[in-house]
Structure formats: C-alpha cells, structure tokens
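For what it's worth, my numbering labels the leading residue of the sequence shown as 5, then goes sequentially.
All residues carry an ideal CB built from backbone N, CA and C; glycine is no exception.
Working notes for the structure below.
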Amino acid sequence: MSLLHECLIWPIEMPGLKKIVMLSIARNAKLSTGEGSISIQRLCVECGISDTAIRKFVHDLEVEGFFVRYPGKRGVSYRLTLAGRP
C-alpha cells in the first residue's frame, strides 16, 4: 500500500465519489512502481459505491490520465501516472 500516492491525490479537485475511488486505487498501488491490481467488487466494498458507478469512475479516471490500465487478472490492473496532479 502507498500512502504517498494517496497524499498526492487529496489536493486534486474532483467530485467526491470519484476522488474516493481514486484514493482507493492509489492506496492499493505499490510504492516503488505505482502498480497495483484491485477487483471492481473490492472497490465497491471499500468505497461503498455501486458496481456501475465504480466502472464509470474507473473509466473516467483512466481517460483523464491518472493511471494506465494493462491486461492482468480480473478487475483493475494499473500503473499510476497521476497526470492530473497539481
């Protein structure tokens, strides 16, 4: 887990639920590589948000350049880029 990545997300302006999803993704990333993997179901539990909303936020965050997805296990396998940071 990386609290450093999570701390980089807090100052970024974005809607509340979307930020919660990004914080959860960032917290699950490895500190050294920024890579991680988390299932959609796990994101639903951690964030308290529906499956449909999680999928929309994950897609939006990827399009906005906060992380790059790559083929992996089920769920979201990614490498943080944090392009939207201040």
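>> To the nearest angstrom, how far is the alpha carbon of T56 from that of F70?
In response: Cα atoms of T56 and F70: separation of roughly 20 angstroms, rounded to the nearest angstrom.
> Thinking just about the alpha-carbon of each residue, which of K60, I29, I58, Q45 is nearest to the one in L86?
Replying inline: Nearest to L86 by C-alpha distance, out of K60, I29, I58, Q45, is I29.
> Would the beta-carbon of I24 fall within 8 angstroms of that of V80?
Replying inline: One thing to note: I24 has its Cβ no nearer than 8 angstroms to the Cβ of V80.
> Who are the near neighbours of C48 in its chain, counting only those whose CB is closer than 6 angstroms to its CB and skipping five residues on each side?
Replying inline: Excluding residues within five positions, the ones whose Cβ falls inside 6 angstroms are D55, I58.
> Which of the three DSSP states, helix, strand or coil, is assigned to S28?
Replying inline: Looking at S28 - three-state DSSP - the assignment turns out to be helix.
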